[in-house]
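If you count the sequence shown from 1, position 248 lands on 251 in this note's numbering, and the numbers rise without skipping.
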Amino acid sequence: MRVPAIAANWKMFKTTHEALAYVRELGSLVKDVSGVEIIIAPPFTALATAAEAARNTAVGIAGQNMSAEKEGAFTGEISAAMLKDAGATYVILGHSERRKLYGETDASINRKVHAALAAELIPIVCVGETLEEREGGQMATVLDRQIKDGLDGLTGDQVGGLIIAYEPVWAIGTGRNATPEQADEAHRHIRTRLRQWFGAAAADACRIQYGGSVKPDNITGLIALPDVDGALVGGAGLQVTSFFEIIRGAASAAR
Ligand code: 13P
């Protein structure tokens, strides 16, 4: 039985004050919610503040990125140990914005996944095709490459413990979410590959989130799918009320 994980990726939004107010409010809103894992990914500067405010609540904290290096002369970088020190339990890796705008590759993401696991952070590994790739019939090929290369060298146990976020690039920030049929197809494909490459136990345990224009009014249709184990929310995760509605929608879906 996989517990759905609902995460808000704040991207480059919110000061420490805004983060504090949000997490305090969310922490009290979710007091009576059960059956879902709740995660917030603040910018680095607000991580420690958010983690402190989330202490003794059901809200977990994620970094949005990290270096694959342990420490050293890497100006502007943040290590896995630093994320942990700031109070993070999870780290988002390989988001499509990082791939597209900052040149991250499956190989560089793979190094980060290994580094995160070595530091006992739970990676949220993002995969997903562009519109051009989808229209060119390349969805499965792209997902296969991202999974095979991104998770290269991991054990079945490690894969079972991490989270994959299927975020079709064409659905991110566009208001055009994948339909339940499209999400179902992609998520089933990912799980099939996990089974082939990492074994049945890994495939059964690994959570696969959907991301891309998730909103309070589309979460229930997505979360009802057998292979959708949560959501990675961008825009609708910036307001605590809409994020809470998404959490509630996910928690109420009979699974
Ligand atoms: P939106 O929910 O704004 O489409 O963003 C999705 C996303 O990129 C989450 O990581």
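Where a beta carbon is used, it is the ideal one built from N, C-alpha and C, also for glycine.
Since the structure is predicted, the reported quantities are computational estimates derived from the model, not experimental observations.
7 angstroms CB neighbourhood of residue i in its chain, flanking five on each side removed
{"i": "residue 133", "result": "172, 173"}
{"i": "residue 198", "result": "206"}
{"i": "residue 152", "result": "109, 110, 113"}
{"i": "residue 258", "result": "Summary for residue 258: the model assigns pLDDT 48, below 50, so the residue's position carries little reliability, and this model does not support an answer."}
Close beta carbons around residue i, own chain, < 6 angstroms, minus the five adjacent residues each side
{"i": "residue 254", "result": "36, 38, 39"}
{"i": "residue 25", "result": "243"}
{"i": "residue 251", "result": "none"}
{"i": "residue 80", "result": "70"}
{"i": "residue 155", "result": "113"}
CB contact flag (residue i, residue j, <8 angstroms)
{"i": "residue 30", "j": "residue 52", "result": "no"}
{"i": "residue 44", "j": "residue 17", "result": "no"}
{"i": "residue 249", "j": "residue 229", "result": "no"}
{"i": "residue 90", "j": "residue 123", "result": "no"}
{"i": "residue 210", "j": "residue 5", "result": "yes"}
{"i": "residue 237", "j": "residue 176", "result": "yes"}
{"i": "residue 265", "j": "residue 119", "result": "A question about residue 265 goes unanswered here, because the residues of the chain that appear run from 4 up to 258."}
{"i": "residue 181", "j": "residue 140", "result": "no"}
Environment of residue i [buried if 16+ CB atoms lie within 10 Å]
{"i": "residue 105", "result": "exposed"}
{"i": "residue 190", "result": "buried"}
{"i": "residue 103", "result": "exposed"}
{"i": "residue 73", "result": "exposed"}
Same chain, Cβ closer than 8 angstroms to residue i, neighbours up to 5 away in sequence not counted
{"i": "residue 87", "result": "122, 123, 124"}
Practice task
Count the CB pairs spanning the stretch 89-99 and the stretch 64-74 that are closer than 8 angstroms, and state whether there are at least three.
Solution key: Between the stretch 89-99 and the stretch 64-74 there are three or more C-beta pairs closer than 8 angstroms, enough to call the two in contact.
Practice task
Could you tell me whether the stretch 213-233 touches the stretch 198-205, where touching means 3 or more Cβ pairs closer than 8 angstroms?
Solution key: In the pairwise beta carbon analysis, the stretch 213-233 is classified as not touching the stretch 198-205: fewer than three pairs are separated by under 8 angstroms.
Practice task
Report yes or no: do three or more beta-carbon pairs, one from the stretch 157-165 and one from the stretch 122-138, lie closer than 8 angstroms?
Solution key: Output reads yes: the stretch 122-138 touches the stretch 157-165.
Problem - At least three beta-carbon pairs within less than 8 angstroms, the stretch 6-24 to the stretch 232-247 - result: Yes: the two stretches touch, three or more of their Cβ pairs being nearer than 8 angstroms.
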